[in-house]
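Numbering (my numbering), first residue to last: 5 to 289.
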Ligand code: NAP
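Here you go:
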C-alpha cells in the first residue's frame with residue numbers, strides 16, 4: 005500500500021483563506037489585525053522565517069512590523085520594546101522569533117509578553133490553559149498538526165498516538181492536544197529505552213526529533229498515520245524530515261512530506277491566532 009500524501013500547502017491555503025475572510029470582517033468594523041515581530045541578530049534561518057511570515061501576513065490583510073535588533077542588543081532594550089508593544093492598542097499579536105542570542109533569557113522574555121497578545125501560544129499562561137483544556141491561543145505547529153489530521157478526516161479518539169520529541173514548542177503541546185482529543189498518548193525522547201518498540205505500536209505517529217530519517221520503515225506499523233515535523237538541512241543543501249519518507253510511505257496510510265507538510269501549517273496557524281486575538285482585544289481605529 006502506498007500512503008496518501010497529506011498536502012500541507014493546500015490545507016494551509018484553506019486556513020489562510022479563512023483568515024483573510026476574518027481579517028476583512030474585522031476591517032469592516034474598523035479593526036486592523038496587527039502582528040509585531042521581534043527579530044534579534046542575523047541568524048539566516050530566522051531571517052527567512054520572518055520574511056515568510058511577513059509576506060504571508062500581508063497576503064491575508066494582517067499588518068506587520070518587524071523590529072530588527074542587533075545580536076548584541078542589551079536585554080533592557082528588548083524588555084522595553086516588549087512593554088511598549090504590550091501597551092500599544094494597535095498591536096494585537098506579538099511574536100519573538102526564536103532562538104534568541106545566548107545572552108538573552110528566552111523564557112523570561114517570552115513571559116513578559118502580554119498573554120492576550122501571545123501570537124505563538126508559548127506564554128506559560130496559555131500553555132497552562134492548554135494543559136487545563138481551557139480555550140486559549142494554541143502553539144502553532146501542534147495546532148497545525150491537529151488541523152491536518154482533521155482535514156483528512158483521521159479519527160483521533162481512542163487511537164494510540166506516539167510522539168517522538170518532548171520540546172515545549174512541538175512534542176509536549178501536541179501530546180496534550182492529542183490527549184484532549186481522547187488519544188492514548190506516549191511521548192518518546194532520547195532516554196526512551198527502545199524507540200522502535202513504541203513507534204511500532206502507533207496508529208498516529210508524530211515525529212519531532214530534529215534528526216534526519218531517525219524513523220525508518222521497520223519502526224512503523226502497517227497503515228499508520230505518520231506526521232513528520234522535522235526539518236533538517238543535509239550537507240548537499242537539500243531538506244529532509246525525521247522520517248525516511250520513501251520507505252515509510254509504502255507502509256503508512258497517510259504521511260506528510262518535508263517540505264510541504266507541517267511547515268506551511270505553522271505560519272497559517274500563526275495568522276489564525278493573530279486574527280483571533282484581534283477579534284478578542286481589537287480596538288477600532
Ligand atoms: P528540539 O527542541 O531539539 O527537541 C527535539 C526532541 O526530540 C527532544 O525532546 C529530544 O529528546 C528528542 N529526540 C532527539 N533525537 C531523538 C532520538 N534519536 N530518539 C528519540 N527522541 C529524540 O526540537 P523541536 O523544536 O521540537 O523541533 C523538532 C524538529 O521539528 C526540528 O527539526 C525542527 O526544525 C522542526 N520544527 C518544524 C516546524 C515546522 O513548522 N515544520 C516547527 C517547529 C519545529 P530529549 O528531550 O531527550 O533531548
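All C-beta atoms, glycine included, are put in the ideal place defined by N, C-alpha and C.
DSSP beta-bridge partners for residue i?
i, result
"residue 258", "8 and 229"
"residue 243", "237"
"residue 219", "247"
"residue 122", "98"
"residue 67", "38"
"residue 188", "164"
"residue 43", "72"
"residue 209", "166 and 230"
Distance, Cα to Cα, residue i vs residue j?
i, j, result
"residue 37", "residue 66", "5 Å"
"residue 23", "residue 275", "7 Å"
"residue 165", "residue 179", "8 Å"
"residue 26", "residue 198", "46 Å"
"residue 161", "residue 30", "35 Å"
"residue 10", "residue 194", "28 Å"
"residue 290", "residue 72", "Only positions 5 to 289 of the chain appear in this structure, which leaves residue 290 out of reach."
"residue 51", "residue 14", "24 Å"
"residue 93", "residue 59", "23 Å"
"residue 159", "residue 44", "41 Å"
"residue 213", "residue 132", "23 Å"
"residue 269", "residue 207", "22 Å"
"residue 228", "residue 241", "30 Å"
"residue 264", "residue 119", "30 Å"
If you check the beta carbons only, do residue i and residue j fall under 9 Å apart?
i, j, result
"residue 121", "residue 82", "no"
"residue 246", "residue 279", "no"
"residue 211", "residue 190", "no"
"residue 251", "residue 221", "yes"
"residue 235", "residue 260", "no"
"residue 266", "residue 145", "yes"
"residue 109", "residue 79", "yes"
"residue 32", "residue 148", "no"
"residue 103", "residue 47", "yes"
"residue 99", "residue 124", "yes"
"residue 39", "residue 61", "yes"
Report yes or no: is there a C-beta of chain B within less than 9 Å of the C-beta of residue i?
i, result
"residue 272", "Of the chains in the structure shown, none is chain B; there is only one protein chain."
Assuming residue i and residue j are in contact, meaning their beta carbons sit under 8 Å apart, how far apart are those beta carbons, in whole angstroms?
i, j, result
"residue 223", "residue 205", "About 10 Å; that fails the 8 Å criterion."
"residue 105", "residue 115", "At roughly 18 Å, the Cβ-Cβ gap does not stay under 8 Å, so residue 105 and residue 115 are not in contact."
"residue 139", "residue 173", "In fact, because the Cβ distance is near 20 Å, the residues do not count as touching under 8 Å."
"residue 19", "residue 151", "7 Å"
"residue 7", "residue 253", "5 Å"
Taking 8 Å as the line, does the beta carbon of residue i fall inside it for any heavy atom of the ligand GTP?
i, result
"residue 195", "As far as ligands go, the structure on display features the ligand NAP and does not contain the ligand GTP."
Buried or exposed, going by whether 16 or more other CB atoms sit within 10 Å of the CB of residue i?
i, result
"residue 238", "exposed"
"residue 136", "exposed"
"residue 69", "exposed"
"residue 202", "buried"
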